[in-house]
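Asker: Just dropping this structure here.
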Ligand SMILES: Cc1ncc(C[n+]2csc(CCOP(=O)(O)OP(=O)(O)O)c2C)c(N)n1
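Below, the structure written as C-alpha cells:
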C-alpha cells in the first residue's frame with residue numbers, strides 16, 4: 017500500500033502539501049516540532065495513492081513517498 | 002515497497018533557514034535534485050549572491066562561494082575560466098541580480114560565459130526587510146514604497162528574461178514557477194535543460210523562478226501562492242524564451 021513519510025523536523029507548516037493532496041491524506045495536529053511548527057501529519061494514511069504531489073510541492077523536501 | 006520520491010542528497014539533514022512557504026527552498030531543492038541526477042554534486046560550484054540566497058550555505062552540501070553583493074556572475078565566470086570542468090552556477094535574488102549586480106549579469110550573458118544562472122524573483126529585497134526591487138509590481142507596497150510603486154517615481158517592473166533575450170550570446174532562457182506540482186515538474190525540466198546546456202558547452206543559461214516572499218508580502222504561504230498566480234504571472238509570463 018502506498019505511503020508517505022514526513023520528517024517532522026524539516027516541516028515549517030506551510031501547508032502546501034495539505035492544500036495539494038487530492039485525497040486529503042495530510043493535515044496538522046496539535047503536535048509541534050522543536051522549532052515550534054505544527055508539522056504536517058498523514059492523518060488519513062489509508063487514502064494515500066502514492067501520487068507524490070505532496071512531496072513534489074513540499075519546498076523543504078520533508079516528504080518521502082513509497083509505493 | 003519502493004521509494005518513489007526521496008529528499009535530494011545534496012540537502013543537509015537539517016531544517017533550512019528560509020521562512021515557512023518560501024519558494025527559495027523549492028528552487029534549491031530542484032537544483033540539488035538535478036545535480037544528483039546528473040551526478041554533479043562532487044564537481045559543481047555554487048556561487049551565492051547576497052540576500053536570502055546566502056541561506057543556501059547552511060542547507061546545501063556542495064562547494065559554494067559567497068560573492069560580493071550582485072557579483073555572482075563575475076565570480077562564476079572566473080571560476081569557469083580557471084576550471085572549465087567544474088559545473089558552475091549562480092543563485093541570486095532580484096536585488097542582487099537585477100539591481101546592484103545588473104552590469105555583471107549583463108556582461109556575463111553578453112560574453113556568453115558557459116555558466117548557469119538561477120534567478121529568484123520575489124519582487125522585493127527579502128533579506129533586508131522587503132524594500133522595492135526593480136521587479137516590484139506596479140502599485141505594490143514595500144517598505145520603501147509605502148504608497149505603492151508608481152511609474153513616475155519608480156519606473157516599471159523589470160523583466161530579466163526579456164532583457165537577456167535581446168542579447169545574442171545566451172543559449173537558454175526560461176521563466177518558471179513552483180506554485181503547484183505541474184509547475185514544479187516544468188521547473189525541474191528547465192533546471193535540467195539549463196545544466197545540459199552548460200555540460201554541452203553552449204554558453205550562458207538562465208532560469209528565472211517567479212517566487213514569493215510571504216513574510217514581507219504579509220501573506221500566509223498559501224495566500225502568497227495565490228498572489229503569484231493572480232498578480233505575478235500576468236506581469237511575468239512563464240515559458241522558454243530561448244533554447245538553442
Ligand atoms: C554592497 C552591499 N549593499 C547592500 C547590502 C545590503 N543587502 C543585503 S541583502 C540585500 C537585498 C537582497 O535582496 P534580493 O537580492 O532580492 O534577495 P532576497 O533576499 O529577496 O532573496 C541588500 C540590499 C549589502 N549586503 N552589500
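Protein chains in written order, with the numbering used here: chain A, 17 to 83; chain B, 2 to 245.
A virtual CB, placed ideally from N, CA and C, is assigned to each residue, including glycine.
None of the values given here were measured: they were computed from a predicted structure.
(1) Using beta-carbon positions only, say whether residue 31 of chain B and residue 175 of chain B come within less than 8 Å of one another.
(2) Which bits of chain A does residue 17 of chain B rub up against, with CB to CB less than 7 Å?
(3) Exposed or buried, which one is residue 215 of chain B when buried takes at least 16 other CB atoms within 10 Å?
(4) Could you tell me the boundaries of the beta strand (DSSP E) in which residue 177 of chain B lies?
(5) Beta-carbon of residue 55 of chain A versus every beta-carbon of chain B: anything under 8 Å?
(6) Cβ closer than 7 Å: which chain B residues qualify as neighbours of residue 69 of chain A?
(7) Give a yes or no on whether the C-beta atoms belonging to residue 88 of chain B and residue 199 of chain B are separated by under 8 Å.
(8) If we require 3 or more residues per run, which beta strand (DSSP E) segments fall completely within the region 104-183 of chain B?
(9) Looking at the secondary structure, which residues open and close the beta strand (DSSP E) in which residue 56 of chain B lies?
(10) For a contact defined as C-beta to C-beta under 8 Å, what are the partners of residue 83 of chain A on chain B?
(11) Using a beta-carbon distance below 8 Å, is residue 214 of chain B in contact with chain A?
(12) Check whether the region 98-117 of chain B and the region 61-77 of chain B are in contact - that is, three or more C-beta pairs closer than 8 Å.
(13) On the DSSP letters alone, give me the boundaries of the alpha helix (DSSP H) that residue 76 of chain B sits inside.
(14) Less than 8 Å between C-beta atoms, sequence neighbours within five positions excluded: which residues of the same chain meet that for residue 38 of chain B?
(15) Taking 7 Å as the cut-off, is the beta-carbon of residue 161 of chain B closer than that to any non-hydrogen atom of ligand 1?
(16) Can residue 141 of chain B be considered in contact with ligand 1, in the sense that its beta carbon sits closer than 7 Å to one or more heavy atoms?
(17) Tell me, to the nearest whole angstrom, how far the beta carbon of residue 211 of chain B is from that of residue 122 of chain B; I am working on the premise that it is less than 8 Å.
Answerer: Reading off the structure:
(1) Sequence index remark: in the second chain, residue 31 of chain B carries index 30 (1-based). Sequence index remark: in the second chain, residue 175 of chain B carries index 174 (1-based). Cβ distance not < 8 Å, so residue 31 of chain B and residue 175 of chain B don't count as in contact.
(2) Translated into positions along the second chain, residue 17 of chain B becomes position 16. The answer, in chain order, is 76.
(3) Indexing the second chain from 1 puts residue 215 of chain B at position 214. Buried.
(4) One-based indexing of the second chain puts residue 177 of chain B at position 176. Its beta strand (DSSP E) spans residues 173-178.
(5) Counted from its first residue, the first chain places residue 55 of chain A at position 39. Not closer than 8 Å to any Cβ of chain B, the Cβ of residue 55 of chain A fails to qualify, so no.
(6) By 1-based counting over the first chain, the position of residue 69 of chain A is 53. Simply 182.
(7) Counted from its first residue, the second chain places residue 88 of chain B at position 87. Counted from its first residue, the second chain places residue 199 of chain B at position 198. A contact, by the Cβ cut-off of 8 Å.
(8) 117-122, 173-178
(9) On the second chain, position 55 is the one that residue 56 of chain B refers to. Per DSSP, residue 56 of chain B belongs to no beta strand (DSSP E) and is neither H nor E.
(10) The residue you call residue 83 of chain A lines up with position 67 of the first chain. The contacting residues are 2, 3, 5.
(11) Along the second chain, one-based indexing puts residue 214 of chain B at 213. Not one chain A Cβ lies under 8 Å of residue 214 of chain B.
(12) Yes, the region 98-117 of chain B is in contact with the region 61-77 of chain B.
(13) By 1-based counting over the second chain, the position of residue 76 of chain B is 75. Counting along the chain, the alpha helix (DSSP H) containing residue 76 of chain B begins and ends at 73-83.
(14) Here residue 38 of chain B corresponds to residue number 37 of the second chain, with the count starting at 1. Closer than 8 Å at Cβ, skipping near neighbours: 193.
(15) As a working note, residue 161 of chain B is residue 160 in the second chain. No, ligand 1 has no heavy atom inside 7 Å of this Cβ.
(16) In the second chain, residue 141 of chain B corresponds to position 140, counting from 1. Residue 141 of chain B: no, Cβ never under 7 Å from ligand 1.
(17) Residue mapping note: residue 211 of chain B aligns to position 210 of the second chain, counting from 1. Residue mapping note: residue 122 of chain B aligns to position 121 of the second chain, counting from 1. Rounded, the Cβ-Cβ distance is 6 Å, consistent with contact.
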